[in-house]
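Scroll down for the structure; my scribbles are underneath it.
Number of protein chains: 2
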Amino acid sequence: MKFEAVTIKDIAKALGLSTSTVSRALRDSYEISPETKKLVLEYAEKINYHPNPIALSLKERRSRSIGVIVCEIANSYFSQVINGIESIANTNGYNVIISQSHESSVKELVNLQYLTSRSVDGLIISVSTETTDFNFFRELHDRGMPIVFFDRIVDEIQTHKVIADNFKGAYDATTHLINSGYKRIATLCNTVFLSIGKERLAGYKAALKDHGMEPDDALIRYCQHGGMVAAEMDQAMNELFSLTNPPDAIFAAADKLTTGSLRALCARGMSVPEDIGLIGFSNSELTELLNPSLSVVRQPAFEMGEEATSLLLELIESKRPVTDFQTRVLSTEMLLRSSTRLQKRSPKTSLS
Amino acid sequence: MKFEAVTIKDIAKALGLSTSTVSRALRDSYEISPETKKLVLEYAEKINYHPNPIALSLKERRSRSIGVIVCEIANSYFSQVINGIESIANTNGYNVIISQSHESSVKELVNLQYLTSRSVDGLIISVSTETTDFNFFRELHDRGMPIVFFDRIVDEIQTHKVIADNFKGAYDATTHLINSGYKRIATLCNTVFLSIGKERLAGYKAALKDHGMEPDDALIRYCQHGGMVAAEMDQAMNELFSLTNPPDAIFAAADKLTTGSLRALCARGMSVPEDIGLIGFSNSELTELLNPSLSVVRQPAFEMGEEATSLLLELIESKRPVTDFQTRVLSTEMLLRSSTRLQKRSPKTSLS
DNA sequence: CACGTTGCCGGGAACGATTGCGTAAAAATA
DNA sequence: TATTTTTACGCAATCGTTCCCGGCAACGTG
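Here the protein sequences come in this chain order: A and B.
Quick note on numbering: numbering that gives the first Met the number 0 labels position 5 of the first sequence as 4, and the sequence is numbered without any gaps.
Quick note on numbering: numbering that gives the first Met the number 0 labels position 290 of the second sequence as 289, and the sequence is numbered without any gaps.
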């Protein structure tokens with residue numbers, strides 16, 4: 000089963016010209032006569048000629064395509080980011096190759112090698128939660144591969160980065176819980192080895208402190224796989240609710256942790272927001288329709304994709320090595336709905 | 000900014016060999032002495048050599064990658080299918096290139112051209128809702144490009160296809176509404192120019208007829224963009240509820256139509272399932288947590304991706320042109336939850 | 001008329017890898 | 001020892017395209 004395409008040679012042969020002449024005619028070179036150009040262009044059009052990008056990639060050592068690595072496209076946040084990436088990339092004549100790490104650093108590495116060997120002109124990456132060894136990224140970067148990190152960034156590598164204001168998002172969400180009257184606020188967060196984990200946890204802690212509450216390590220639960228592994232969520236919940244002084248609200252620091260929390264709370268027969276308040280990071284379109292409708296911190300995912308791509312194209316198209324790198328921080332948005340609407344009840348004595 | 004990779008020439012030069020020898024040593028050819036092989040392999044390992052897939056693609060006219068075209072990766076169904084595709088493709092040494100049509104036939108065509116010019120070895124496609132001209136697919140197919148259609152298939156092109164049992168899924172869902180006591184059952188469906196639209200509508204109608212109800216065209220609303228365009232949904236809903244005899248249940252024939260219906264019903268202040276029952280096709284993970292929890296027809300998305308990929312690899316790796324094509328039909332699964340649980344109320348007189 | 005300039009085009013190398021063919025040296029055979 | 005076979009490697013073409021270089025006309029100029 001072979002699929003044959005028309006080449007520049009076919010045109011040359013048919014028209015009795017050399018391949019060089021045809022190539023130049025197609026590229027509108029000044030050293031080709033108008034008549035010949037017309038001849039070639041018309042014939043090329045007629046037989047539906049398209050230059051072979053593979054041959055071009057080989058010759059030019061560039062592919063006009065950019066590689067994207069995310070952990071999971073099924074995650075609304077990432078699929079929105081990808082749409083942002085595509086919008087900018089396509090208008091600039093670049094194609095986007097998407098690959099998923101599924102939070103595995105091995106798969107991440109494999110994808111990385113595939114993309115680079117495919118001569119992508121640059122990479123947009125949100126690292127997997129498992130990744131602790133950044134040497135391959137560094138090596139790639141040192142050898143001149145343009146890279147932009149977003150969302151889960153790598154501090155130790157100097158390049159452009161795009162993130163949401165994770166600290167403020169977490170700070171505001173936690174503050175909202177406090178202002179709503181919740182007294183013992185727990186958090187479910189990613190590992191602090193992930194930039195988003197660290198920043199959001201810091202925001203949570205700062206909000207507590209600024210309102211005279213001391214962060215309690217017993218109320219901070221880490222989910223290495225960010226809610227992808229059910230057992231991890233269950234364990235975290237069990238630990239929280241077997242405390243002598245269990246939480247009355249949860250701030251979930253990632254998309255799947257947020258919906259996962261709701262699922263776990265429902266399974267326990269607890270009612271939100273009466274028994275427990277819930278707010279979390281989420282970009283799902285459905286949070287408003289959930290039971291109860293969820294208060295969420297929403298990231299400007301599409302815009303983040305756009306920003307990351309603009310920065311990457313800058314790197315790619317720069318003539319000289321870029322040394323002045325920037326980190327763009329975009330504001331999050333808080334959507335307040337029922338899950339944090341504490342009903343007025345008889346005041347409880349709180350020990351916190 | 001150029002990213003230089005090590006080539007076979009670098010190895011040849013460093014070891015004082017010819018490129019042919021190095022190439023053969025790397026491919027473990029019998030005509031290379033064990034010592035030379037060892038030398039080459041060790042050096043290649045040391046300098047981290049990887050063959051350039053672009054050069055290989057050019058030479059072999061194959062890329063060991065398959066192209067996938069779906070309308071939207073943000074749709075849970077499609078992201079699950081893609082995971083299925085990747086699982087089979089990767090274990091067979093193929094890479095997957097994902098592209099989105101966003102339901103635009105223009106973008107679909109552009110993606111198609113990009114993928115073929117990138118020498119993908121085969122294509123897995125769910126056509127966009129806008130597409131009415133299948134000539135490009137046919138041409139590609141006729142010229143020997145292996146193609147497998149799934150979900151939204153093209154009847155007029157003879158190749159392998161993978162679909163869910165759309166008829167039965169719709170039939171069962173509608174029957175369930177009838178058995179739950181609903182009397183005037185409306186449907187929101189895709190255009191019938193789409194295979195899934197046609198099949199699901201047929202299932203809906205058959206279920207009504209088999210239970211002594213006559214399908215009423217006033218209760219059948221089409222959404223060309225499958226719920227992606229809010230205005231379209233709104234109009235359909237307005238039309239339904241301005242009927243003198245409005246529906247008391249809705250069967251939504253696609254993912255976004257299902258959640259979109261719930262959103263629209265909530266906006267109207269109608270309560271599900273009391274005022275109106277709701278069931279629909281959906282592969283979202285969150286339907287259980289919605290308010291109310293949604294009864295859904297679930298497609299075996301991951302398995303469909305696996306099946307489609309197996310069939311495609313068969314086509315790709317077949318020595319002779321394949322003429323015996325099959326259409327695999329996988330069963331759907333019905334998950335019954337609150338949105339179809341009609342409360343016992345005073346019997347209404349129904350005119351249907 | 002001789003010479004430089006310009007316009008227009010072809011030859012061939014290159015990108016990185018594979019592979020059919022040719023061949024020198026070493027080994028096996030007569 | 002002479003011949004054949006085997007071993008082990010290099011040369012060069014190929015995939016589709018670009019681009020440097022070289023060349024041949026026709027033209028203009030002194």
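Glycine is no exception: its CB is placed at the ideal position from the N, C-alpha and C atoms.
Taking C-alpha atoms, which residue in the options lies nearest to residue i?
{"i": "Leu16(A)", "options": "Arg319(A), Val39(A), Val191(A) and Tyr29(A)", "result": "Val39(A)"}
{"i": "Gly66(A)", "options": "Phe301(A), Asp247(A), Ser270(A) and Gln99(A)", "result": "Gln99(A)"}
{"i": "Leu289(A)", "options": "Val321(A), His224(A), Ser260(A) and Leu139(A)", "result": "Ser260(A)"}
{"i": "Ser75(A)", "options": "Arg297(A), Leu312(A), Thr308(A) and Asn94(A)", "result": "Arg297(A)"}
{"i": "His49(A)", "options": "Val109(B), Ile315(B) and Arg61(B)", "result": "Val109(B)"}
{"i": "Gly196(B)", "options": "Ser179(B), Ala217(B) and Ala169(B)", "result": "Ala169(B)"}
{"i": "Thr6(A)", "options": "Ala24(A), Ile46(A) and Asn189(A)", "result": "Ile46(A)"}
{"i": "Asp274(A)", "options": "Lys182(A), Glu34(A) and Ser317(A)", "result": "Lys182(A)"}
{"i": "Phe324(B)", "options": "Asn89(B), Ser118(B) and His140(B)", "result": "His140(B)"}
{"i": "Gly279(B)", "options": "Gly202(B), Val228(B), Val328(B) and Asp216(B)", "result": "Gly202(B)"}
{"i": "Val119(A)", "options": "Ile146(A), Arg319(A) and Ser338(A)", "result": "Ile146(A)"}
{"i": "Ser179(B)", "options": "Phe301(B), Ser294(B), Lys58(B) and Pro52(B)", "result": "Ser294(B)"}
{"i": "Thr174(B)", "options": "Ser56(B), Gly276(B) and Asn134(B)", "result": "Gly276(B)"}
{"i": "Pro229(B)", "options": "Leu341(B), Pro245(B), Ile219(B) and Lys255(B)", "result": "Contrary to the premise, residue 229(B) reads as Ala rather than Pro in this sequence. Nearest option by C-alpha distance: Lys255(B)."}
Which residues in the same chain have their Cβ closer than 6 Å to the Cβ of residue i, if we skip the five residues on either side of it in sequence?
{"i": "Asp132(A)", "result": "none"}
{"i": "Leu193(B)", "result": "Thr128 and Arg151"}
{"i": "Met236(A)", "result": "Ala263"}
{"i": "Lys160(B)", "result": "Phe148, Ile152 and Thr326"}
{"i": "Ile31(B)", "result": "Arg23 and Ala24"}
{"i": "Glu332(A)", "result": "Arg297"}
{"i": "Pro214(B)", "result": "Lys204 and Leu207"}
{"i": "Ser78(A)", "result": "Ile72"}
{"i": "Asp171(B)", "result": "Met333"}
Note down, in chain order, each residue of its chain lying with its Cβ closer than 7 Å to the Cβ of residue i, except the 5 sequence neighbours on either side.
{"i": "Ala13(B)", "result": "Tyr42"}
{"i": "Ile84(B)", "result": "Val67, Val95, Ile123, Gly304, Ala307 and Thr308"}
{"i": "Glu231(B)", "result": "Cys222, Gln223 and His224"}
{"i": "Met0(A)", "result": "Note that Met0(A) scores 47 on pLDDT, short of 50, meaning its location in the model is unreliable; the coordinates nonetheless yield the value given after this. No residues qualify anywhere along the chain."}
{"i": "His101(A)", "result": "Cys70 and Glu71"}
{"i": "Ser270(A)", "result": "none"}
{"i": "Glu155(B)", "result": "Phe133"}
Spatial neighbours of residue i within its chain, please: CB distance less than 8 Å, with the 5 preceding and 5 following residues excluded, ordered by chain position.
{"i": "Ser330(A)", "result": "Ala163, Asp164, Lys167 and Pro299"}
{"i": "Ala11(B)", "result": "Ser17, Thr18, Thr20 and Val21"}
{"i": "Lys36(A)", "result": "Ala24 and Asp27"}
{"i": "Met371(A)", "result": "Nothing can be reported for residue 371(A), as the shown portion of chain A is limited to 0 through 351."}
Applying a beta-carbon distance threshold of less than 8 Å, which residues of chain B neighbour residue i?
{"i": "His49(A)", "result": "Gln112 and Ser116"}
{"i": "Pro291(A)", "result": "Asn290"}
{"i": "Ser294(A)", "result": "Ordered by position in chain B, no residue passes the 8 Å Cβ test against Ser294(A), which lies about 14 Å from the chain."}
{"i": "Lys86(A)", "result": "First, the residue type needs correcting, since residue 86(A) is Ser and not Lys in the sequence shown. Within chain B, no residue comes near Ser86(A); the closest Cβ sits about 10 Å away, beyond 8 Å."}
Using the beta-carbon of each residue, which ones in chain A are nearer than 9 Å to residue i?
{"i": "Thr258(B)", "result": "Glu284, Leu285 and Leu288"}
{"i": "Leu57(B)", "result": "Asn51, Ile53, Ala54, Ser56 and Leu57"}
{"i": "Ser22(B)", "result": "Chain A residues near Ser22(B): none, gap ~16 Å exceeds 9 Å."}
{"i": "Ser194(B)", "result": "Neighbours of Ser194(B) on chain A: none; closest Cβ ~24 Å, over 9 Å."}
Taking C-beta pairs closer than 7 Å, name the residues in chain B that residue i reaches, listed in chain order.
{"i": "Cys265(A)", "result": "Leu288"}
{"i": "Pro52(A)", "result": "Ser116 and Arg117"}
{"i": "Ile31(A)", "result": "Chain B residues near Ile31(A): none, gap ~24 Å exceeds 7 Å."}
{"i": "Ser17(A)", "result": "Correct list: empty, because the minimum Cβ distance to chain B is about 21 Å."}
{"i": "Ser127(A)", "result": "Within chain B, no residue comes near Ser127(A); the closest Cβ sits about 15 Å away, beyond 7 Å."}
{"i": "Ala75(A)", "result": "Note on residue identity: the sequence assigns Ser, not Ala, to residue 75(A). Those within 7 Å of Ser75(A) in chain B are Ala73."}
{"i": "Ser179(A)", "result": "The premise fails here: Ser179(A) is roughly 20 Å from chain B at the closest Cβ pair, so nothing lies under 7 Å."}
{"i": "Ser241(A)", "result": "Result: empty, since nearest Cβ-Cβ is about 24 Å, beyond 7 Å."}
Since residue i and residue j are thought to touch, with beta carbons under 8 Å apart, how far apart are those beta carbons, to the nearest angstrom?
{"i": "Thr322(A)", "j": "Ser283(A)", "result": "At roughly 39 Å, the Cβ-Cβ gap does not stay under 8 Å, so Thr322(A) and Ser283(A) are not in contact."}
{"i": "Gly225(B)", "j": "Ala253(B)", "result": "5 Å"}
{"i": "Glu305(B)", "j": "Ile87(B)", "result": "5 Å"}
{"i": "Thr158(B)", "j": "Phe148(B)", "result": "7 Å"}
{"i": "Arg142(A)", "j": "Glu3(B)", "result": "7 Å"}
Just to make sure I have the definition right: I need the residues of chain A whose C-beta is within less than 8 Å of the C-beta of residue i. Which are they?
{"i": "Ile81(B)", "result": "Ile72"}
{"i": "Leu261(B)", "result": "Leu288"}
{"i": "Ser281(B)", "result": "Neighbours of Ser281(B) on chain A: none; closest Cβ ~10 Å, over 8 Å."}
{"i": "Ser270(B)", "result": "What Ser270(B) touches in chain A: nothing, since even the nearest Cβ is about 12 Å away."}
Report the neighbours of residue i on chain A: residues whose CB is nearer than 7 Å to its CB, in chain order.
{"i": "Leu311(B)", "result": "Per Cβ cutoff of 7 Å: no residues; Leu311(B) is ~11 Å from chain A at best."}
{"i": "Ile96(B)", "result": "Ile96"}
When every heavy atom of the ligand SAH is checked, does at least one fall within less than 7 Å of the C-beta of residue i?
{"i": "Ile46(B)", "result": "Among the ligands in the structure shown, none appear at all, so the ligand SAH cannot be discussed."}
Name the chain B residues whose beta carbon is nearer than 9 Å to that of residue i?
{"i": "Ser104(A)", "result": "Those do not exist, as Ser104(A) stays about 16 Å from chain B at its closest Cβ, beyond 9 Å."}
Indicate whether the contact test is met: 3 or more Cβ pairs, each with one atom in the region 228 to 245 of chain A and one in the region 203 to 212 of chain A, closer than 8 Å. Touching, no, given that fewer than three Cβ pairs across the two stretches are closer than 8 Å.
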